[in-house]
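So the structure is just underneath, and the comments pick up after that.
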Amino acid sequence: MSEKVNVDVKLGINKFFVDEGNPHIELVENPDPAEFAKLEAACPAGLYKRDENGNIHFDSAGCLECGTCRILCGDTIIKKWHYPQGTFGIEFRYG
Amino acid sequence: MSEDKFDVIIVGAGLAGCISAYLLAKAGLETLVIERGNFPGSKNVTGGRLYAHSIEKIFPNFAEEAPVERCIVHEKVSFMDGSSSVTLDYASPEAADLGSRSYAVLRSKFDQWLAEQAESEGASIVPGVHVDDLIVRDGKVCGVIAGGEEMEADVVLLADGVNSMLGQKLGMVTGVNAHNTGVGVKEVIELSRQQINDRFGCMDNEGAAWLFVGSPSDGQMGGGFLYTNEDSVSLGLVFGLHNIDKVSKSIPQMMEDFKNHPTVKPLIAGGKTVEYSAHVVPEGGYDMVPKMVGDGVLIAGDAAGLCLNIGFTIRGMDLAIASGEAAANAIIKAKEAGDFSEAGLASYKTTLDNSFVMKDLQLYKKVPGFLDNPRMFNQYPTMMTGIMKDLYTMNGTSAPLRKIVMPHLKQAGFMNLIKDGFKGATAL
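Here you go:
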């Protein structure tokens with residue numbers, strides 16, 4: 001039953017206006033692995049990734065702007081979190 | 096430098112913001128709504144079902160005109176393990192009383208309609224602008240700072256959603272933490288109108304609301320949902336964030352497994368996902384409601400934590416609408432008296448206290464604590480599917496009914512059942 005989810009395909013359906021070069025979420029350097037693991041599990045957009053070598057990756061493009069990562073790790077490994085500037089980010093066509 | 100001063104600036108063109116803007120503009124107040132999305136609704140997500148009673152009061156017979164999807168006439172709740180489910184199904188014709196109905200809605204469409212109503216009364220709605228900060232002088236909120244520009248107003252209404260960055264900055268909103276919130280994820284899956292009618296047993300314009308308890312949220316507090324739209328279904332799940340370190344899989348994986356559950360898969364077969372969305376849901380109930388009134392400022396809707404999950408119904412939008420209305424009336428009163436201080440705006444809180452909003456939140460105050468129990472989402476759904484499996488399986492062994500049921504009750508724990516049953520009876 002358990003087919004591995006491909007979140008990137010789902011995000012590909014959405015309409016985004018990415019503010020290139022101006023990420024609205026930033027992580028601290030060398031984030032605590034236990035905190036990062038929470039975000040790997042929780043982020044609906046699957047933006048917090050760890051590769052086979054254990055290296056972590058994060059890119060705020062594709063963010064659905066739910067605020068989950070800020071709630072979980074706003075005091076720990078998230079250095080900066082604000083909404084994208086006006087007109088940028090996700091645009092829900094259904095919502 | 097501000098050019099001119101508004102009576103009211105509203106941050107956020109969601110339900111609370113637009114309802115308030117409509118009523119304020121109608122009363123002749125100069126009202127500005129600032130929305131960070133490209134159009135009202137473009138940043139908003141619902142599960143989606145709107146209980147009509149509070150909006151019906153403001154726009155009688157609104158569903159004739161507003162873009163609602165389907166009137167809910169089927170209520171279903173399924174208890175699920177990884178592969179099976181037991182479902183309770185209640186069907187009833189649409190209520191004759193318009194205020195007793197509920198509708199599936201999609202916010203991107205619905206909020207635009209609501210914003211148009213506010214605009215037609217003379218409210219100014221400015222989309223595509225993010226409010227960065229508030230102007231505060233001597234503890235009084237005097238306006239907003241957006242796009243480097245200062246704009247002043249007698250009152251600022253924060254209808255900026257569950258994360259209310261501005262309410263937090265003011266120190267009024269303090270309860271947005273993992274314990275009080277869940278995250279919802281949702282796919283809108285396109286099907287034909289006829290497919291929906293056939294699969295959910297309804298006619299055009301009628302639809303189903305379906306909740307799924309158990310495996311969708313990985314046996315933790317939360318659950319799956321399905322609402323039928325005109326020609327799509329909204330399928331998703333909500334997960335209580337404080338249990339994130341107890342999961343066996345990621346939330347996106349939970350969603351994928353939910354879609355592939357044998358009970359759900361045929362419902363969406365052949366459908367095409369047209370959007371994937373997520374949003375945080377305030378789930379703390381009464382205990383997370385913040386200080387809602389300050390000097391020159393009010394907080395409404397999700398920003399005020401106004402949401403009520405009692406297990407078999409989940410509401411937020413009807414509370415947002417009622418709070419937007421109460422905020423507008425309080426501001427109109429303050430304007431008449433020329434007093435925009437906390438005391439001058441205090442009727443907002445008393446109106447809400449005397450309305451269903453705070454009464455219901457108070458009534459179900461203990462429910463979040465009662466629901467935050469993995470037995471509700473793991474042992475009990477498994478117990479129910481287990482009993483059903485043994486009841487309906489014929490394989491040549493003879494056993495009396497009590498011998499079929501008892502082992503399942505025993506596994507869940509008699510004491511647990513009694514304890515949780517009692518807790519549930521007092522919480523609800």
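Top to bottom, those sequences are chains A and B.
Going by my numbering, the first sequence opens with residue 1, and the numbers climb by one from there.
Going by my numbering, the second sequence opens with residue 96, and the numbers climb by one from there.
We put the CB at the ideal spot given by N, CA and C, even for glycine.
These numbers were taken from a predicted model, which means no experiment stands behind them.
Which of the three DSSP states, helix, strand or coil, is assigned to B/E245?
What you label residue 245 of chain B is simply residue 150 of the second sequence in a count that begins at 1. In the structure shown, B/E245 sits in a strand (DSSP, three-state: E or B).
Counting only C-beta atoms, is A/H82 closer than 9 Å to chain B at any point?
As a working note, residue 82 of chain A is residue 82 in the first sequence. Chain B contact via Cβ: present.
Would you identify the three-state DSSP class for B/N133, choosing helix, strand or coil?
Here residue 133 of chain B refers to the residue found at position 38 of the second sequence. It is coil, neither helix nor strand.
N-terminal and C-terminal residue of the beta strand (DSSP E) that B/E301 is part of
The sequence position of residue 301 of chain B within the second sequence is 206, counting from 1. Here the beta strand (DSSP E) through B/E301 covers E301 to G309.
Does any C-beta atom of chain A lie closer than 9 Å to the C-beta of B/F334?
Walking along the second sequence from the start, residue 334 of chain B turns up at place 239. So yes, B/F334 belongs to the interface.
I want to see whether chain B comes within less than 9 Å of A/A61, judged by CB atoms only; does it?
Taking the first sequence and counting its residues from 1, the one referred to as residue 61 of chain A is at position 61. Not one chain B Cβ lies under 9 Å of A/A61.
Cut-off 7 Å between Cβ atoms - residues of its own chain near A/L11, not counting five sequence neighbours on either side:
Residue numbering aside, residue 11 of chain A sits at position 11 when the first sequence is read from its first letter. Within the same chain, A/L11 has close Cβ partners A45 and G62.
Is A/E91 close to chain B? Criterion is C-beta to C-beta, closer than 9 Å.
Working through the first sequence from its first residue, we reach residue 91 of chain A at position 91. Answer yes: the Cβ-Cβ gap between A/E91 and chain B drops below 9 Å somewhere.
Given this structure, state the Cα-to-Cα distance separating A/K80 from B/Q289, to the nearest angstrom.
Looking up residue 80 of chain A in the first sequence gives position 80. Looking up residue 289 of chain B in the second sequence gives position 194. When rounded, the distance between both Cα atoms is 47 Å.
Can you give the beta carbon distance from B/E378 to B/N292, rounded, assuming they're within the 8 Å contact cut?
Numbered from 1 along the second sequence, position 283 holds the residue referred to as residue 378 of chain B. Numbered from 1 along the second sequence, position 197 holds the residue referred to as residue 292 of chain B. Actually they do not touch by this definition, with Cβ atoms about 33 Å apart.
Looking at C-alpha atoms only, which residue of B/E189, B/I482 and B/R202 is the closest neighbour of B/V168?
Locating residue 168 of chain B in the second sequence gives position 73, where the first residue counts as 1. For B/V168, the closest alpha carbon among the candidates B/E189, B/I482 and B/R202 is that of B/E189.
List the residues of chain B that A/P33 touches, going by C-beta distances under 7 Å, in chain order.
Counted from its first residue, the first sequence places residue 33 of chain A at position 33. Per Cβ cutoff of 7 Å: no residues; A/P33 is ~13 Å from chain B at best.
Output, in sequence order along the chain, the residues in the stretch 255–276 of chain B whose CB is closer than 8 Å to any CB in chain A.
V257, N258, M260, V271, N272, A273 and T276
Identify each residue in the stretch 7–27 of chain A for which the Cβ-Cβ distance to at least one residue of chain B is less than 7 Å, and report them in chain order.
Here the close residues are V7, K10, L11, I13 and N14.
Would you give the residue range spanned by the beta strand (DSSP E) that B/T358 belongs to?
Along the second sequence, one-based indexing puts residue 358 of chain B at 263. It is not in any beta strand (DSSP E) - B/T358 carries neither H nor E in the DSSP assignment.
Is the beta carbon of B/G262 closer than 9 Å to that of B/D255?
Translated into positions along the second sequence, residue 255 of chain B becomes position 160. Translated into positions along the second sequence, residue 262 of chain B becomes position 167. Yes; because the gap between Cβ atoms is below 9 Å, this pair is in contact.
Give the straight-line distance between the Cα atoms of B/L268 and B/V251, rounded to the nearest whole angstrom.
The residue given as residue 268 of chain B occupies position 173 in the second sequence. The residue given as residue 251 of chain B occupies position 156 in the second sequence. Here residue 268 of chain B is Val; the residue named in the question, Leu, does not match the sequence. B/V268 and B/V251 have their C-alpha atoms roughly 15 Å apart.
Given a cut-off of 9 Å on the beta-carbon distance, is the pair B/P241 and B/D227 in contact?
Looking up residue 241 of chain B in the second sequence gives position 146. Looking up residue 227 of chain B in the second sequence gives position 132. It should be noted that the sequence gives Ala, not Pro, for residue 241 of chain B. In contact: B/A241 and B/D227 (Cβ atoms closer than 9 Å).
Please determine if the stretch 411–419 of chain B and the stretch 395–402 of chain B are in contact, where contact requires at least 3 C-beta pairs separated by less than 8 Å.
yes
Beta-carbon gap between B/E216 and A/F92 smaller than 9 Å:
Within the second sequence, residue 216 of chain B is the residue found at index 121, counting from 1. Within the first sequence, residue 92 of chain A is the residue found at index 92, counting from 1. Taking 9 Å as the Cβ cut-off, B/E216 and A/F92 do not qualify as a contacting pair.
Where the alpha helix (DSSP H) through B/D484 begins and ends:
Translated into the one-based positions of the second sequence, residue 484 of chain B becomes position 389. Sequence inspection shows Lys at residue 484 of chain B; the Asp mentioned does not correspond to that position. Note, B/K484: alpha helix (DSSP H), Q474 to Y487.
Can you have a look at B/Q315 and say buried or exposed, based on whether 16 or more other CB atoms are within 10 angstroms of its CB?
Translated into positions along the second sequence, residue 315 of chain B becomes position 220. It is buried - the Cβ of B/Q315 has at least 16 other Cβ atoms within 10 Å.
Check the Cβ of A/T68 against every Cβ in chain B and list those closer than 7 Å, keeping chain order.
Here residue 68 of chain A refers to the residue found at position 68 when the first sequence is read from its first residue. Within 7 Å Cβ-Cβ: V278, L336 and V375.
Residues in the same chain with beta-carbon distance under 6 Å from B/I427, minus the five sequence neighbours each way, listed in chain order, please.
Residue mapping note: residue 427 of chain B aligns to position 332 of the second sequence, counting from 1. Only residues of its own chain outside the window of five on either side were considered, and among them A122 have a CB closer than 6 Å to the CB of B/I427, listed in chain order.
For chain A, check one thing: does any of its Cβ atoms lie closer than 9 Å to the Cβ of B/L110?
Here residue 110 of chain B corresponds to residue number 15 of the second sequence, with the count starting at 1. Between B/L110 and chain A, the shortest Cβ-Cβ separation is not below 9 Å.
Give the C-beta separation of B/T488 and B/D176 to the nearest angstrom, bearing in mind that I take them to be a contact with Cβ-Cβ under 8 Å.
Within the second sequence, numbered from 1, the residue matching residue 488 of chain B stands at position 393. Within the second sequence, numbered from 1, the residue matching residue 176 of chain B stands at position 81. That pair is no contact at about 15 Å.
Which of the three DSSP states is assigned to B/S436 in this structure?
Here residue 436 of chain B refers to the residue found at position 341 of the second sequence. Note: B/S436 maps to coil in three-state DSSP.
In DSSP terms, what B/I105 is bridged to:
To locate residue 105 of chain B, count along the second sequence from 1; it is residue 10. Paired residues: B/V128 and B/L252.
Can you give me the C-alpha to C-alpha distance between B/L523 and B/M471, rounded to a whole angstrom?
Within the second sequence, numbered from 1, the residue matching residue 523 of chain B stands at position 428. Within the second sequence, numbered from 1, the residue matching residue 471 of chain B stands at position 376. Each residue's alpha carbon lies about 15 Å from the other.
Can the beta-carbon of B/R144 be found less than 9 Å from the beta-carbon of B/I405?
Residue 144 of chain B sits at position 49 when you count from the first residue of the second sequence. Residue 405 of chain B sits at position 310 when you count from the first residue of the second sequence. Contact: no.
B/Y185 versus B/I104: straight-line alpha-carbon distance, rounded:
Counting from 1 along the second sequence, the entry for residue 185 of chain B is found at position 90. Counting from 1 along the second sequence, the entry for residue 104 of chain B is found at position 9. Near 44 Å, if we compare the C-alpha coordinates of B/I104 and B/Y185.
For B/V226, which beta-bridge partners are listed by DSSP?
Counted from its first residue, the second sequence places residue 226 of chain B at position 131. For B/V226, which the question treats as bridged, DSSP gives the partners B/A241.
So, B/T521 versus B/K461, is the Cβ gap smaller than 9 Å?
What you label residue 521 of chain B is simply residue 426 of the second sequence in a count that begins at 1. What you label residue 461 of chain B is simply residue 366 of the second sequence in a count that begins at 1. Cβ distance < 9 Å, so B/T521 and B/K461 count as in contact.
Indicate whether B/F407 and B/K235 have their beta-carbon atoms separated by less than 9 Å.
Stepping through the second sequence from its first residue, residue 407 of chain B is reached at position 312. Stepping through the second sequence from its first residue, residue 235 of chain B is reached at position 140. In this structure, B/K235 does not lie closer than 9 Å to B/F407 by Cβ.
Distance cutoff 9 Å, beta carbons only. Does B/L201 sit that close to anything in chain A?
To locate residue 201 of chain B, count along the second sequence from 1; it is residue 106. Cβ-Cβ to chain A under 9 Å: yes for B/L201.
Grab the span of the alpha helix (DSSP H) containing B/L110 for me, first residue to last.
In the second sequence, counting from the first residue as 1, residue 110 of chain B sits at position 15. The continuous alpha helix (DSSP H) containing B/L110 extends over residues L110 to K121.
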